[in-house]
Every structure is written in structure tokens, then in C-alpha cells.
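Student: Below is the structure I would like to discuss, written out as C-alpha cells.
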Amino acid sequence: MKALFSDLLNYSLELGQEILAKRSEKQRKSQGQFLTPIPVARFMAKQLGDVRSSSRILEPAIGSGILVCATIEQIVARNQPGEFWLDGYETDEELCQVTKEVVSLAQERAAKYGVIIHHCIQNKDFILDNVPVYQPHLFLAEGSTPPGAQTLYDYIIANPPYFKLNSKDPRAEVATGQIKGHTNIYTLFLALSATKLAPHGKACFIVPRSFCSGAYFSALRQELIEKTRPYALHLFESREAAFKDDAVLQENIIISLEKKKSDRGYPTSTDRFNISTSKGITALEDSLLYREVSLEKFVSKRNGSLFFRLPAGELDEQIIDIIDGWPESLNQLGLNVSTGPVVPFRSRSSLTDREAVKLGKAVPLLWMHNIKRQKVDWPALNGSKPQGLYLSAEGKSLSTPTSNYVLLRRFSAKEEPRRLIAAPFLEDEFDRYETIGLENHLNYIYRKRGQLSKPEAIGLAALLNSALIDRYFRITNGNTQVNATELRALPLPPLEVILTIGQAILKLDTTDQESNLEPIVFTTLRNSGLIPQDFPAIRETRFTMGKIQE
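The sequence shown: position 493 = 476 (my numbering), numbered continuously.
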């Protein structure tokens, strides 16, 4: 049956590509226009299961019609006659015309097999057409759907656009007060689609993995869990695999949801959830690994924030169980984390070179590249960025008192082996300076009252640099950013364990400290009963086909 629709799917993709090829990359990115590859479209259509006759289907960002063609193909493949209603939205007039043509062809072909498709493809904005300006909240109470947006759908499938909304964009007004932080257009598609699901309805979306974590989307995740139940999630290993031709660097996931049967609370141990992984989109079905996990492993709430976690295998589940059981957090240990206050483009006049620091006119300024694993590298002799912060009135207001800290990079490059890169900043190594400069792409951990001891700073940095913590962070954190929210939510061992790690590292020569970091952390945690005796030592934290890379 695939052969019956393969030409239509290819035709849909080719027409869409021809239209987008005439536009610059900047234009395409500004509209979030990335066509769905055919293997991904077919996979997503399968996630909807058996589409029942008399169902209403929605594609809110229909593009050139690839996803709906794949859905119609799935319906016809069941070999059961039926009648279906399909609605689609597309803001791009050219793409909309292509979709109307392609869906009409699919309609004719499906009719030969007793599958009747009624379709309405509109050249309109899904958000603006379904959420009036006066609506106070996307997630409305039962029975309060506004006029003009009454239709509910049994199935929703979408590859929503991806771009940040300008504050003056009328769609941004819809989001005001509803989704905290800077809103991306795809989050509105997710939120609104959840309200459009009929009882027992199902939805499947391909979205950036970053949606699963971070403070910006916490409110959205909370609302989704209250209204829907996730039942499947697919991970692509390669960051560019899902949209390779478009060089999209976001890690993508495919998430499938169903309307909750009741408003009962968070998932329990009886709720199950399917996670699958694949190397990429070529022969996607052939490279799949499936794993059923407790939905509790996927949904986590800590420190007032709700996260979606992505355990790719049994080892990941063990890591979650182990670290979730640790008793402390930064706050419980009397610690806090802040972001470096020096924003270079706002304080150019306060930035200077190393010579000014030597002359006593400035203090050291630390950037991400100054932070190596378990080491502060200042001055960086091969760096081109300013190494100093002037002791002017502005410079002093941006400086941070010299003390013992743990410094972390806020971002990691996608190809880097570690997500977390931390170093102890030790007061006695910078005691010539009363203050220092910390650039905005750094996080720094400090004691709220008093200061971290030297062994505490060294031990905490070593723990954060360990493969175990890095893997846990990857499971929880969906992007390359290391935000303060996730750090505050990170479970930690008791302070005496952190202190023991630091003391053990201090006994070693400086040249031996980094190479012995992993065994010291692992042995200390195991001897303290914080990891099982039979738990394997891991060295690397990126996964391949559900396994930790060795």
C-alpha cells in the first residue's frame, strides 16, 4: 500500500522544496519553514494508531501536505472503508495552494478504496483563527471554548513552525501571561492544539527537545500534563538527522499525547510510556529501539519546576533512580547559583586587556573559554576576548567579590563530550584582587552565608564534572544550555560526601587530579551507599542507540 501513496508524498515534498528553494535561508527561518521528511511523516502518522471512521483530523501547520498525505496513506492501508474530515491551516499562500492540489489527489485515490476524505485547507493563521484576542487563557475551562473555535478533533498531527515571537506579533499577545519567558511559536501550537483535542483524542508533534526542560516552558509542560497524557516519545540521535537538508541544529523529538480521561493528577507507577530511538531518518523503522518505561520516569517535578526526562535505556533509568534518591540540593546545602553579571555588549567601555590587569587598573574577567574541566585557565593566552574588567564605577558595580566558587559554563557546543563543564575558583589563587569579573555566559555557585571551603568547592566541581551527573543532566536537560533552574533542581549528596571528594582530590598532585576525578567521585559515592555496589562505572555520557558510549 505504501507504493500507492509514495509518488504523492514525493510530489508533495518536491513541490514544497521548489517553493522554499526560491527563498533565502533567512526568510525560511523567520517563518520556521522546515518540511517534514517522508520517513518522519510516515512514522508520525503511525503514532496516531488506527484512525477511526467519522473522525476529524487537524494539521495546524500543513506546509505542502506531507503529514496529511502520510495520514491518509495509513488510513487506506487499514483496508477498511470509512469517512473522514480533515482541516488544515497554512499561512504561506503558495504552500497552501500546493497542499490543496496534493490533498485533492490523495482524496481521489483514497476514494477508490472506500475511504472518503472531506477536506478544508485554509490560508489562515491557526493561532489567530482559533484564539480571539479577548480570550484570557489558552487552557480554557470545560465548556468555555470561545465562539468561532468550537471544533474539536479526534487526531492532530503537526510539524509546527519554530521561531521566536516578536513582542509586537499579534500571536505574542495571545501568549501574554500564559507561558512564562520568551515564547516560541511552536509552544503556542502545542498549547492550543491540546485544547482542540476531543475526548480520547490523540496528537503527534515533532518539536525541539529543549521543550522538555528549562524555565521558559515550565508552565506549558504543567498545562500539558494536566490536560493530556503522553504515551510515546521518539529521540533522534543526530542533532541534524530529522531535518538534515535544512541544517536545523535543534535536537528533535516526536511526542505523542492523548486527551486525559479525567483530571487526575500526576502520573503514577502504573502509567506506562514508550520511548524509541533511531540513528536518523534513513530506514527509520529498521533502526528503531523501543523501550517501555514508567511515565513517572518521564515526568519529574522538583524545586517547583516540572521537567520531561528522556531515559534512553535501562542504565538511564538506574541513574534516575539513584540520583533522585539523593537527599540534598543547592538550596538545602545553603548554596545558590547566579549568572555572571558582565554582559559584554552593554559594558564595552569597562572591558580591557591583560596589561591593564597587570598595572592594577583592572581585575581578571573570566569567560566560558577560561573554564576547563576542574581548572580555571586565566589568562587564556590564545584567546581574543578582553581579559580584564576596569576598576571604574561601572566596572566595580559589575564585579563579584573574590571568594571560593564553583564556575560552570552556561553553554556547551553540540559536539562536546560533556554538557557540564565546571571548575573550582579558589580565592587563594586570585588573592591579589578584591573582586573579579564573571561574564554572562558563566554560572557561579556560592554559599549564601559565608563562603565555600576549598575542599567543598573542589569536591562540588568534581561531582558536577563526573560522567554520572553529566548523564543525569542530559536525561533531564533537553538542550546545550546549563540553566540555573536545572542546577537548583539537581539532587545532590550530603555535604560531607562532597567534602570527602574534595579532600581526596587535594591530596593528589595537580597534574594527577583530572585523570583521577572519575574514580574518586565514583568510589566515594559507592562507599557512602549513594550508588549500588554493582552499578557500573561510566566514563562517557553521550548515548548511541540507547547505550552509553564507552
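Quick reminder that beta carbons are idealized off the backbone N, C-alpha and C, glycines included.
Because the structure is a prediction, the values reported are computed rather than measured.
Measuring straight from C-alpha to C-alpha, what distance separates L175 and I110?
Tutor: 7 Å
Student: Rounded to whole angstroms, what is the Cα-Cα separation between F256 and S283?
Tutor: 14 Å
Student: I'd like the ranges of any beta strand (DSSP E) spanning at least 3 consecutive residues and lying wholly in the stretch -12 to 73.
Tutor: The stretch -12 to 73 contains these whole beta strand (DSSP E) runs: 39 to 42 and 65 to 72.
Student: Roughly how many whole angstroms lie between the Cα atoms of S47 and S(-5)?
Tutor: 6 Å
Student: So what does DSSP say about E241, is it helix, strand or coil?
Tutor: The answer is strand: DSSP assigns E241 an E or B state.
Student: Apart from the five residues just before and just after L374, which ones in its own chain have a Cβ nearer than 7 Å to its Cβ?
Tutor: K344, A345 and V346
Student: How many Å lie between D517 and S36 at the Cα?
Tutor: 52 Å
Student: Where does Y96 sit, in a helix, a strand or coil, going by DSSP?
Tutor: coil
Student: Can you tell which of H183, V98 and F172 has its C-alpha closest to the C-alpha of D137?
Tutor: H183
Student: Please identify the residue among R337, F413, R393 and G420 whose C-alpha is closest to the C-alpha of E377.
Tutor: G420
Student: Take A186 as the anchor and find which of Q30, W68, I55 and S386 has the nearest alpha-carbon.
Tutor: Q30
Student: May I ask you to report which of helix, strand or coil DSSP gives K379?
Tutor: helix
Student: If I measure Cβ to Cβ from E(-3) and keep anything under 6 Å in the same chain, skipping five residues before and after, which residues do I get?
Tutor: Around E(-3): no qualifying Cβ.
Student: Who does N319 pair with in a DSSP beta bridge?
Tutor: According to DSSP, which records beta bridges pairwise, N319 is partnered with Y429.
Student: Compute the beta-carbon to beta-carbon distance between A472 and N286, rounded to the nearest angstrom, for a pair I have assumed lies under 8 Å.
Tutor: 4 Å
Student: Helix, strand or coil for E422, going by three-state DSSP, please let me know.
Tutor: strand
Student: Looking at the unbroken beta strand (DSSP E) that takes in P213, where does it start and where does it end?
Tutor: T211 to F219
Student: Taking CB distances under 8 Å as the criterion, tell me whether L78 reaches chain B.
Tutor: In the displayed structure, chain B is absent; only one protein chain is listed.
Student: I need the boundaries of the beta strand (DSSP E) containing K185, first residue and last residue.
Tutor: L180 to P191 is the extent of the beta strand (DSSP E) around K185.
Student: Only counting the same chain, and skipping five residues up and downstream in sequence, which positions put a Cβ closer than 7 Å to that of L381?
Tutor: Beyond the five residues adjoining it in sequence on each side, L381 comes within less than 7 Å, by CB distance, of P324, V325, S330, S333, L372 and G420 in the same chain, given in chain order.
Student: In three-state DSSP terms, what is E275?
Tutor: When secondary structure is reduced to three states using DSSP, E275 falls in the strand class.
Student: Taking the C-alpha atoms as reference points, what is the distance between E311 and I258?
Tutor: 29 Å
Student: Hey, would you say M351 sits closer than 8 Å to R392, going by beta carbons?
Tutor: yes
Student: With 16 as the cutoff for other CB atoms within 10 Å, does V23 come out buried or exposed?
Tutor: buried
Student: Whole alpha helix (DSSP H) runs in the stretch 295 to 340 with 4 or more residues, listed along the chain?
Tutor: The stretch 295 to 340 contains these whole alpha helix (DSSP H) runs: 297 to 307.
Student: Report the rounded CA-to-CA distance for L475 versus I305, giving the unit in angstroms.
Tutor: Going by C-alpha positions, L475 is about 11 Å away from I305.
Student: Using the rule of at least 16 other Cβ atoms within 10 Å of the residue's Cβ for burial, across every protein chain shown, is A520 buried or exposed?
Tutor: exposed
Student: For I488, which residues does DSSP report across the bridge?
Tutor: Looking at the DSSP assignment, I488 forms no beta bridge with any residue, so it has no partner.
Student: Counting only the same chain and skipping the five closest in sequence on each side, list residues whose C-beta sits under 6 Å from that of R212.
Tutor: E241 and K243
Student: With three or more C-beta pairs closer than 8 Å as the rule, is the stretch 421 to 428 touching the stretch 480 to 489?
Tutor: no
Student: Would you check if the distance between the CB atom of L470 and the CB atom of L278 is smaller than 8 Å?
Tutor: Taking 8 Å as the cut-off, the Cβ atoms of L470 and L278 do not count as close.
Student: Pull the bridge partners of A345 from the DSSP assignment, please.
Tutor: A345 pairs with Y373.
Student: Within 10 Å of its beta-carbon, does K9 have 16 or more other beta-carbons around it, so buried, or fewer, so exposed?
Tutor: exposed
Student: Taking V51 as the reference, give the member of K179, I140 and E410 with the closest Cα.
Tutor: I140
Student: Identify every residue that forms a DSSP beta bridge with K355.
Tutor: Answer by DSSP bridge pairing, in chain order: K358.
Student: Let me know the secondary structure DSSP gives F413 once reduced to three states.
Tutor: Coil at F413, not helix or strand.
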